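Engineer: Residue numbers (our numbering): 1 to 186.
We put the CB at the ideal spot given by N, CA and C, even for glycine.
Since this is a predicted model, take the numbers as computed values, not measurements.
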């Protein structure tokens with residue numbers, strides 16, 4: 001698969017088989033992630049890999065409650081309320097793996113750096129037959145002391161990108177893209 005195919009074909013996957021993702025495949029995805037550029041070449045990222053479904057279930061329940069309690073003023077609150085109030089909704093879509101990319105220290109570009117690593121990881125996942133999805137519902141909780149404690153994350157770390165990975169049950173269809181706004185100067 002060439003780069004254009006990987007970029008055009010990558011989708012947010014929200015339906016996974018129960019097939020496990022082996023350690024070597026996960027290490028390969030992380031090896032792709034760390035090839036991302038970072039400001040001043042700081043490479044501020046660390047990776048927490050969670051394959052324990054009991055832990056993922058607990059984080060899902062706790063994150064849903066956290067979101068419901070803290071989403072006041074969010075323009076999508078009504079839409080989110082429906083999903084988050086449903087006891088059957090699992091924020092990780094029962095994917096077999098969560099790879100949480102965290103910054104190891106505060107800094108002015110840690111979100112950008114970890115986001116670049118996340119995109120590399122998601123493109124590599126797609127190129128290798130996996131599905132992936134950035135789980136924004138987990139971010140709020142994982143950036144609290146309680147959330148960090150659930151994964152034994154050092155308090156100085158900043159969780160940025162919770163990415164689920166697994167074998168998709170089916171390829172999601174393409175999502176229409178808006179025409180980009182392009183401004184030319186000169």
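If residue 160 and residue 111 are in contact, beta carbons under 8 Å, what's the gap, nearest whole angstrom?
Structural biologist: At roughly 6 Å, the Cβ-Cβ gap stays under 8 Å, so residue 160 and residue 111 are in contact.
Engineer: Report the option in 21, 33, 27 and 12 whose CA atom is closest to the CA atom of residue 116.
Structural biologist: Checking every option, the nearest Cα to that of residue 116 belongs to 33.
Engineer: Specify the secondary structure class of residue 48 as computed by DSSP and reduced to three states.
Structural biologist: Three-state result, residue 48: strand.
Engineer: Give the range of the alpha helix (DSSP H) segment to which residue 123 is assigned.
Structural biologist: Looking at the DSSP string, the run of the alpha helix (DSSP H) that includes residue 123 is 110-127.
Engineer: Please check the pair residue 172 and residue 36, which I expect to be a contact at CB under 8 Å, by giving their CB distance rounded to whole angstroms.
Structural biologist: Not confirmed; about 24 Å, so no contact.
Engineer: Given 8 Å as the limit, is there contact between the stretch 80-100 and the stretch 40-54, that is, 3 or more CB pairs closer than that?
Structural biologist: Touching, yes, given that three or more Cβ pairs across the two stretches are closer than 8 Å.
Engineer: Out of curiosity, what's the CA-to-CA distance linking residue 66 and residue 135?
Structural biologist: About 14 Å.
Engineer: In terms of alpha-carbon separation, which member of 81, 72, 128 and 76 lies closest to residue 24?
Structural biologist: Selected option, being the one with the closest Cα: 128.
Engineer: Can you give me the Cβ contacts of residue 6 inside the same chain, cut-off strictly under 7 Å, excluding the 5 residues immediately before and after it?
Structural biologist: Excluding positions up to five away in sequence, the list reads 123, 126 and 127.
Engineer: Check for me: the alpha helix (DSSP H) holding residue 84 runs from which residue to which?
Structural biologist: Counting along the chain, the alpha helix (DSSP H) containing residue 84 begins and ends at 77-84.
Engineer: Quick one: grab the DSSP three-state call for residue 145.
Structural biologist: DSSP places residue 145 in helix when its eight states are reduced to three.
Engineer: Quick one: grab the DSSP three-state call for residue 140.
Structural biologist: Here residue 140 sits in helix by DSSP.
Engineer: Nearest-angstrom Cα distance between residue 83 and residue 56?
Structural biologist: So the two alpha carbons sit approximately 17 Å from each other.
Engineer: Rounding to the nearest angstrom, what Cα-Cα distance links residue 152 and residue 176 in this structure?
Structural biologist: So the alpha carbons of these two residues sit roughly 39 Å apart.
Engineer: Would you report the Cα separation of residue 41 and residue 53, rounded to the nearest angstrom?
Structural biologist: Using only the alpha carbons, I get a separation of about 35 Å.
Engineer: Distance check for residue 149 and residue 157, CA to CA, integer angstroms please.
Structural biologist: Their Cα atoms are separated by approximately 12 Å.
Engineer: Ignore the nearest five residues each way along the sequence and tell me which others in residue 63's own chain have a CB closer than 6 Å to its CB.
Structural biologist: The answer, listed in chain order, is 91, 137, 138 and 141.
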